[in-house]
Each structure stands twice: as structure tokens, then as C-alpha cells.
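**Q**
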DNA sequence: TTGTAAGCGTTATCAC
DNA sequence: GTGATAACGCTTACAA
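Protein chains in written order, with the working numbering: chain D, 51 to 392; chain Y, 51 to 392.
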């Protein structure tokens, strides 16, 4: 019996029944496992995708990594996890590593990447359109911005504020403010945008807020923040000034971050459909990208969810409904966020 | 000039200066990258470690993955990320995959693993001592339990409660309750333990709480929960009963979860030193395990941090102090949790 | 110091 | 349907 036959058994090719049995029996007995590396070397496919992310400390990135890994696993791909810590050089090193590891593709959520490094390895980026040759997956930031403004207006706000902090590079993410502005203009509602670009500190935000607090009252009655994180910090700040949310000021963030303990949205928010975005990204990287044209941005519809920082009942995330359930071994519907289990 | 020479250049072996230059120049020009797979095949080392975790949705797991990946990267190792979704079969599949990928080691946070699958691949587990042949990294749960009880007592609590939910398997984690009990006994303080094992729902916890609420007062004035997550849910429950925390009841959790937005501890808590634990785990897997005896459990000292659910000023996490700083490209001290940046 | 050649475990292409 | 064999890209004795 030859190696060829063994290989055929493991690859599900046509093999005589007796041969098949003998191979299976022998490999079970010897604890034999196919060697992925030799295989990859031979067929020039690693079945491996690199995830290049800034960090897993932020729930959005962690969620993205979780969903991407799940989607890849469904397609029989492995995830090589690389953390850049928002560091430019680290991004380069990750790309070089990815290349050496002959990954078949890269998911990149990076800030100043040099895609040259990657040679001809396909890339899908999130939230930033780095080049017209690299497809970008994002939520519909413009629609989300509009949605937030419209919601605040519908909830009775008369003077709106948009707050943003982040690096300038964030192509797609910029659109949150544009959408907000456009909806305010359409509705003829007074509004202001305050954006801090690419800076070391959020202090300007707080100085701005300070300037607009007079005798315990805030000049704006509706705020849209470009992330849930910022919304939470603004909320904390206003609380310290004894300004009540949502009674005095209503607040909407962006992302749809869930509280890990309760499964509630941490604030009223524009929810990004992370599972769908991950699935599309995988599809793009594995199937579509190869074939033909797939450049450009894929924008996913967002949803508004009330999370306690607006004057309306909370939207229950599906997770909330299941938060009580606590069975580590229950078969999981991946579309449902997981309850804590430790 | 031969392949051997090229190889030697890339491996930093002694090579004539002119040769080295020529090789470097040519590989830069051609965009050549070493092929990790061929290399791994030849030298029988993949420089790859598998991370088998239940999920990245829980901040503790995400943090662990983040720190492990960072620690591995420092040693020039890659992380293969595998998510089990708390699913038994999935755990098996991950192990089989790990084996095929000839990883040089596995980090396992699993519930009912069959380590046979892994053959002779070294494993380090977290929080559960599965076998005396597999080293286990954990925090000092017993000391943590004691610490929580002692703290509550020092803060004036007269009747203590320990609440726990989780699968029975959690070897090390059980010790939280034991430590709590021992400290209560030492201090002669009345206390009760209520533990829900391996169940589908937290409902018994809430029924227990219900039974002990009388006329808007809770029978216990200090609660230690086996995770921060549970503490937060209990807090929410009590808040709904108009029982105030920390005024009426003081609450301590376990883990040291940080709020992603503000960097504050989400509740008063026993903090696990995740970075140190990750570093040790990597050390164990890569260096020590190979050499000699390393079986048994490695228990890391924990620290108490006040997070607003006890009657005392908050402990500032180092992150809090830096939460205002917002520079994506700043060189990072890995021991400091990261501020949000999106 | 450099070149040569064998071999890592797999798959693919042939003959048989 | 099966067996032999070359080749994938690299490292490493060993020879020069």
C-alpha cells in the first residue's frame, strides 16, 4: 500500500473499500494526523487568513474577531490573530508575517498600512477605504448619522450636537457626521458639530462641553457621539455636572456595544450588523474577490436601538431575552450574542 | 550563488558581506518572503500556538487572548485563534485542527476536553486542572475569596452572602467560595453560600434573592459574587427592588473587568493579573514545560479594587489615569490597558 | 565561506 | 483503482 493511497483516503477520493478500512484503522491506531504544512506547501494553499486588528480590549474589535473567526471556520479556514496595538510599525510587521505565513487573505483594521508588503495577497479592510483596489466593509455610516439625528429630533430635541474624536484617516467613519448634518439641515434644526481629529487627548471635548454648560444646564438637548465609548464618557461627564440623561439631554452613540453582563445596549445607539459584515467580508475575501470586480465599499444597513440614554423604552437585544439562559453546552445560534459563562 | 547561501542570509548565519548584500538586494527587488510552511516542514517547528477559547464576547476571554497573543508575539510565535462557543464537540474539533496544524502548543480554556486528541502537543490550561500532566494557570481564587470577605467585613458588613453560578467542572474557580467561607468563619461573621451548578438558567439565583428581600430590605448587607458579570446582574436586580448599592448592600465581584469606555472597574472586584498570567502561561508552554516538572497549578496573587459597589473611594486602574490620552500611534506599555480608539 | 544534495510530508502525474 | 515518483520551498550536513 502506497502513500498515494493513503493520501487519497484522506482526501475522500475513490479508494477500494478494503484499502480505506486499512488506512483508517492504521491511522487511528498510530494517532496519525495529516500535516497541514506539508499539504500547504504542496498545494500552495494554507487555508489560513490573518486578522490584523488594533486590539481585543475594545468590545467592537473583539466581537469582530469573534464573528470573523466563526465565519472563517464555517468555510474551513483558520484565523491567524495579529494585534497591532494601533502601532504603525506593528502593522507593517503583521503584514510581513502574514506574507511569510502564506495566508490566503488578510482582514485589516489598520491605520497607516503599507499594502505593498502583502504582495498579491487579497485584503479586505474594515471602515477605511485605503485604495480602490481593496474592498472595504463598513456599516452605512451616513444613514446611521441621519438616523441618529432624526431620532433625536423625533424625541423632541431642539438643539443638536455631534461629537467626534478619532484619527483623520477614518474614511468611512467620517460619514457619521455628514449624515447627521444632512438630517439636521433637512429638518431645519439648529445643530453644531465638534470634531477632534487625530489628537492625543479628549480634553478639547471636555473644554467644549464646559463652555456650553451654564448654571447646571447644557445648551444642547440632544447629542450624537461617533462611538458608544465617547457617548459613555460624555454621559459620565454630564452626570458629574448634575445634568441628567435622558431627562435633560438625550444621547445616542454608534456601534451597538452590549453590556457583557446584562446583554443590554450600553446606551442608545446605532447598531452595526457585525455578523453580517463579517460574513460578507469572508465571502469577499474567499470567493468574490478572486473572480472579478469587487472594489469599493460595502455598506451595511444599521439599526437604531434605544439603550436608556433617550426618553423611550429600551430596545431589547435578542441577547437580553436570553441573558438568563446559562448552558455552556447548548448548541449556539451564532447570530445571538452569548451570555456570560465563566 | 546557491539556495544554501540565501537560506543562510535569512537565518543570520555567517555569510560573506557581498553575498549578503546581493541576496538582500535581490529579495527586496523581487519581493521575496521566506515560506513559513516549507520551513516548518523542514525543521519541524511551526512557531504557532493554538488559542482555544469559548468566545471573545466576554471581556475576560478577550483580554486573555489579547495578552496571550502579545506575549507570544514577543517570543516570535503566532497565534491560531479557535473559538469553541462553549461547545463540547467544537472543543474536540479545535484540538484536531490544532494537531493538524502542528502547533507547538495549545492554550486551552475548555469545559470537557479530550486531551488525547492532542497527542504529545504541550498544553497549558486556564482555571481548570484537567489532569496532573497539564499545568494550569489561575489566579489565587482562595485568597481572592478571603480577600473579598475580609473586605466586606472591614467595610462593616454583618451578614455575608456568596453567590455563584457556573459549571461544576470549574476546579480552581470553586476555591473562591472556599476562601470566602474560611474568612467568614475566622471572623465569626454569619454568612451563607448559594451556588448554582451547571444549570441552564440563573433563575434560582433570583428566586433566592427574592426570598431574602423583605419590605424593601435585603437580609444580607454584603455580597460576594463569583464573577463581575454576576455582580452586575445582581446589582441590576437589587436596583429594581429599590435596594441601593453600596448604601444598603455592598457588592464585590471577581475578575477585574474594566469598563471599555471609561477604564473604570465595573464594580468592586478581585482583580486577576491577566498580563502576568499570560506571560507565565507562555513561559510554561514554550520553555519550562519542555524541560522538567511543571505540573500542578500556578496561582497568581490577586488584588482588591474598589469600583463603586462598596462604601469607599474607587481604586483608579492605571488605565483610568490615562483614559484621556488618545494617541493611536503612541508606543504602548502592554501592562496598561488601552483606551478606546476607533 | 560557499555549493551540493537529501529530505521534511504531502499531492499529482503518470504508468500499470 | 493503485503504486511509484517527482515536486512544493526550505534547511542542513557534508564536501569543496
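Positions of the beta carbon are idealized from the N, C-alpha and C atoms, including for glycine.
From residue 35 of chain D to residue 159 of chain D, what does the alpha carbon distance come to, in whole angstroms?
**A** Since the displayed chain D opens at 51 and closes at 392, residue 35 of chain D lies outside it and no answer follows.
**Q** Do the stretch 72–91 of chain Y and the stretch 81–92 of chain D touch if we need at least three Cβ pairs shorter than 8 Å?
**A** Verdict: yes, contact present.
**Q** Please check the pair residue 153 of chain D and residue 77 of chain D, which I expect to be a contact at CB under 8 Å, by giving their CB distance rounded to whole angstroms.
**A** Taking the first chain and counting its residues from 1, one reaches residue 153 of chain D at position 103. Taking the first chain and counting its residues from 1, one reaches residue 77 of chain D at position 27. Actually they are not in contact, since the Cβ atoms of residue 153 of chain D and residue 77 of chain D sit about 28 Å apart, beyond 8 Å.
**Q** Among all the DSSP beta bridges, which residues are the ones paired with residue 205 of chain Y?
**A** Counting from 1 along the second chain, the entry for residue 205 of chain Y is found at position 155. Note: residue 205 of chain Y sits in no beta bridge, so no partner.
**Q** With residue 93 of chain D as the anchor, note down where its alpha helix (DSSP H) starts and where it stops.
**A** Position 43 of the first chain, counted from the start, is the residue given in the question as residue 93 of chain D. 86–93 is the extent of the alpha helix (DSSP H) around residue 93 of chain D.
**Q** Less than 8 Å between the CB atoms is what I'm expecting for residue 194 of chain D and residue 229 of chain D, so what's the real figure, rounded?
**A** Taking the first residue of the first chain as 1, we reach residue 194 of chain D at position 144. Taking the first residue of the first chain as 1, we reach residue 229 of chain D at position 179. With a Cβ gap of about 6 Å, residue 194 of chain D and residue 229 of chain D count as contacting.
**Q** What residue range is occupied by the uninterrupted beta strand (DSSP E) comprising residue 129 of chain Y?
**A** If you number the second chain from 1, residue 129 of chain Y lands on position 79. Residues 128–133.
**Q** Identify which residue in Y:204, Y:244, Y:334 has its Cα closest to the Cα of residue 211 of chain Y.
**A** If you number the second chain from 1, residue 211 of chain Y lands on position 161. The shortest C-alpha separation from residue 211 of chain Y is found at Y:244.
**Q** Per DSSP, what kind of secondary structure is residue 268 of chain D in: helix, strand or coil?
**A** The count along the first chain starts at 1 and reaches residue 268 of chain D at position 218. Residue state, collapsed to three classes: strand.
**Q** Inspect the beta-carbon positions of residue 280 of chain Y and residue 203 of chain Y and report whether they are closer than 8 Å.
**A** The residue you call residue 280 of chain Y lines up with position 230 of the second chain. The residue you call residue 203 of chain Y lines up with position 153 of the second chain. Not in contact: residue 280 of chain Y and residue 203 of chain Y (Cβ atoms no closer than 8 Å).
**Q** Is the stretch 125–141 of chain D in contact with the stretch 54–73 of chain Y, if contact means three or more CB pairs nearer than 8 Å?
**A** No: fewer than three Cβ pairs fall under 8 Å.
**Q** Is the beta carbon of residue 293 of chain Y less than 8 Å from the beta carbon of residue 268 of chain Y?
**A** Along the second chain, one-based indexing puts residue 293 of chain Y at 243. Along the second chain, one-based indexing puts residue 268 of chain Y at 218. Yes, Cβ-Cβ distance for residue 293 of chain Y and residue 268 of chain Y is below 8 Å.
**Q** Hey, residue 263 of chain Y and residue 213 of chain Y are a contact pair by Cβ (cut 8 Å); roughly how many whole angstroms apart?
**A** Counted from its first residue, the second chain places residue 263 of chain Y at position 213. Counted from its first residue, the second chain places residue 213 of chain Y at position 163. Rounded, the Cβ-Cβ distance is 14 Å, inconsistent with contact.
**Q** At a CB-CB cut-off below 7 Å, which residues of chain D make contact with residue 286 of chain Y?
**A** In the second chain, residue 286 of chain Y corresponds to position 236, counting from 1. Neighbours of residue 286 of chain Y on chain D, chain order: 312.
**Q** Could you give the uninterrupted runs of the beta strand (DSSP E) lying entirely in the stretch 126–178 of chain Y, keeping only those of 3 residues or more?
**A** If we require 3 residues or more, the beta strand (DSSP E) runs fully inside the stretch 126–178 of chain Y come out as 128–133, 155–158, 173–176.
**Q** Under 8 Å between C-beta atoms, does residue 370 of chain D make it to chain Y?
**A** Start at 1 with the first residue of the first chain, and residue 370 of chain D comes out as number 320. In this prediction, residue 370 of chain D scores a pLDDT of 45, lower than 50, which makes its location untrustworthy; no coordinate-derived value is stated.
**Q** Quick one: measure Cβ to Cβ for residue 185 of chain Y and residue 348 of chain Y, integer angstroms, because I've assumed they're closer than 8 Å.
**A** Taking the second chain and counting its residues from 1, one reaches residue 185 of chain Y at position 135. Taking the second chain and counting its residues from 1, one reaches residue 348 of chain Y at position 298. At roughly 7 Å, the Cβ-Cβ gap stays under 8 Å, so residue 185 of chain Y and residue 348 of chain Y are in contact.
**Q** Taking all protein chains shown into account, do 16 or more other C-beta atoms lie within 10 angstroms of the C-beta of residue 371 of chain Y, making it buried, or fewer, making it exposed?
**A** Sequence index remark: in the second chain, residue 371 of chain Y carries index 321 (1-based). With a pLDDT of 36 at residue 371 of chain Y, under the threshold of 50, the predicted position of this residue should be treated as unreliable, and no value is reported.
**Q** Which residues in the same chain have their Cβ closer than 6 Å to the Cβ of residue 155 of chain Y, if we skip the five residues on either side of it in sequence?
**A** The sequence position of residue 155 of chain Y within the second chain is 105, counting from 1. Closer than 6 Å at Cβ, skipping near neighbours: 99, 172, 335.
**Q** In chain order, what residues of the same chain have a beta carbon less than 6 Å from the beta carbon of residue 318 of chain Y, not counting five sequence neighbours either side?
**A** Along the second chain, read from residue 1 onward, the residue named residue 318 of chain Y stands at position 268. Excluding residues within five positions, the ones whose Cβ falls inside 6 Å are 302, 356, 357, 359, 360.
**Q** Output, in sequence order along the chain, the residues in the stretch 76–98 of chain Y whose CB is closer than 7 Å to any CB in chain D.
**A** Residues 81, 83, 84, 85, 86, 87, 88, 90, 91, 96.
**Q** Would you please state the rounded distance, in angstroms, between the beta carbons of residue 277 of chain Y and residue 315 of chain Y? I believe it to be under 8 Å.
**A** Along the second chain, one-based indexing puts residue 277 of chain Y at 227. Along the second chain, one-based indexing puts residue 315 of chain Y at 265. Incorrect: roughly 13 Å between the Cβ atoms, too far for contact.
**Q** Going straight from the alpha carbon of residue 119 of chain D to that of residue 129 of chain D, what length do you get?
**A** Locating residue 119 of chain D in the first chain gives position 69, counting from the first residue. Locating residue 129 of chain D in the first chain gives position 79, counting from the first residue. Going from the Cα of residue 119 of chain D to the Cα of residue 129 of chain D covers about 6 Å.
**Q** For residue 169 of chain Y, return the contacting residues in chain D, with the cut-off set at a CB-CB distance below 8 Å.
**A** Translated into the one-based positions of the second chain, residue 169 of chain Y becomes position 119. The answer, in chain order, is 81, 83.
**Q** How is residue 182 of chain D classed by DSSP in three states: helix, strand or coil?
**A** For the purposes of this step, residue 182 of chain D is identified with residue 132 of the first chain, where counting begins at 1. Residue 182 of chain D: coil per DSSP, three-state reduction.
**Q** Per the DSSP calculation, residue 304 of chain D is bridged to which residue(s)?
**A** Counting from 1 along the first chain, the entry for residue 304 of chain D is found at position 254. BP columns for residue 304 of chain D point to D:320.
**Q** Determine whether the Cβ of residue 152 of chain Y lies closer than 8 Å to any Cβ atom of chain D.
**A** Counting from one through the second chain, the residue named residue 152 of chain Y turns up at place 102. Closer than 8 Å to some Cβ of chain D, the Cβ of residue 152 of chain Y qualifies, so yes.
**Q** How would you label residue 227 of chain D, buried or exposed, when you count the other beta carbons within 10 angstroms and need 16 or more for buried?
**A** On the first chain, position 177 is the one that residue 227 of chain D refers to. It is buried - the Cβ of residue 227 of chain D has at least 16 other Cβ atoms within 10 Å.
**Q** Answer with yes or no whether the minimum CB distance from residue 241 of chain D to chain Y is below 8 Å.
**A** Along the first chain, one-based indexing puts residue 241 of chain D at 191. It does not; no Cβ of chain Y falls within 8 Å.
**Q** Note down, in chain order, all residues in the stretch 129–152 of chain D with a beta-carbon under 8 Å from any beta-carbon belonging to chain Y.
**A** Listed by position, the residues of the stretch 129–152 of chain D near chain Y (Cβ gap below 8 Å) are 129, 130, 131, 132, 133, 135, 136, 137, 138, 146, 147, 149, 150, 151, 152.
**Q** Can you tell me the Cα-Cα spacing of residue 217 of chain Y and residue 247 of chain Y, whole angstroms?
**A** Here residue 217 of chain Y corresponds to residue number 167 of the second chain, with the count starting at 1. Here residue 247 of chain Y corresponds to residue number 197 of the second chain, with the count starting at 1. Whole-angstrom Cα-Cα distance: 5 Å.
**Q** Note down, in chain order, every chain D residue with its Cβ under 7 Å from the Cβ of residue 361 of chain Y.
**A** For this step, residue 361 of chain Y is matched to residue 311 along the second chain. Under the 7 Å cutoff, chain D gives no residues; its nearest Cβ is about 19 Å from residue 361 of chain Y.
**Q** Can you tell which of D:81, D:327, D:138, D:94 has the C-alpha that lies nearest to the C-alpha of residue 121 of chain D?
**A** Walking along the first chain from the start, residue 121 of chain D turns up at place 71. Minimum Cα distance to residue 121 of chain D is reached at D:327.
**Q** Starting from residue 160 of chain D, find everything on chain Y with Cβ-Cβ shorter than 7 Å and list it in chain order.
**A** Residue mapping note: residue 160 of chain D aligns to position 110 of the first chain, counting from 1. Those within 7 Å of residue 160 of chain D in chain Y number zero; the least Cβ separation is about 10 Å.
**Q** When DSSP labels each residue in this structure, what does residue 60 of chain D get in the three-state scheme?
**A** Looking up residue 60 of chain D in the first chain gives position 10. If DSSP states are grouped into helix, strand and coil, residue 60 of chain D belongs with the helices.
**Q** What would DSSP say about residue 244 of chain D, mapped onto helix, strand or coil?
**A** On the first chain, position 194 is the one that residue 244 of chain D refers to. Three-state DSSP puts residue 244 of chain D in a strand.
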